[in-house]
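Numbering (my numbering), first residue to last: 26 to 167. First up is the structure itself, then whatever we jot down about it.
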Amino acid sequence: MNRNELLLSYVEKSLMHKRIFETEWYRHNTMDLSSTQTAALSIIAKKGPLQAKELGLQLSLSSGGITTVCDKLLSRGLIRRLRSDGEDRRAVFLETTEEGRAMVIRTDAVWEQVLNVIFSVLTDAEIAMLHQIYSKLVDPRT
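Structure (structure tokens):
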């Protein structure tokens, strides 16, 4: 295969892998949260409080997409909104609740199961190589 054919094949396989990932997530998930919602919750727990705009950038979601994700987490009581005490009081931040932090522990365990299933065919060296390749694709300076 030439370079272009290989790249097109990569795109196809990447989409297939994403579907496999989602299917495996839903097979193990008993928490009624999508993989995107759990990723958002985890990011807020680990890096928050965050503004929705920052979270959307990290998840590559539009403002409408991040609103939908956050609305679900808010309605479940997993996150809350905070008004800034700083100069711009219009700024709203998202942070996890105690229930949200407990949910992150549960979802992290599910993610570990999913990742172990999906990547069980790869050696540790291949996983390290995959990490290096994806790091370079998302940030060519690495």
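Just so it is clear, CB atoms sit at the ideal spot from N, CA and C, and this is done for glycine as well. Quick caveat: nothing in here was measured; it's all calculated off a predicted structure.
Would residue i and residue j be called neighbours here (beta carbons separated by less than 8 Å)?
i    : j    : result
R105 : T132 : no
V139 : E49  : yes
R126 : V117 : no
L84  : I91  : yes
Quick one: grab the DSSP three-state call for residue i.
i    : result
V146 : coil
L140 : helix
R101 : coil
T63  : helix
R106 : strand
Of all the options the options, which has the alpha carbon lying nearest to the alpha carbon of residue i?
i    : options               : result
E124 : T167, S34 and R101    : R101
A64  : W136, V146 and N27    : W136
F144 : R28, H42, N27 and M26 : H42
L119 : V36, I152 and P74     : P74
E47  : S59, L82 and L99      : S59
### Query
Within the chosen definition, does the stretch 58-70 reach the stretch 94-101 through at least 3 CB pairs nearer than 8 Å?
Contact between the stretch 58-70 and the stretch 94-101 is present, because at least three Cβ pairs lie under 8 Å.
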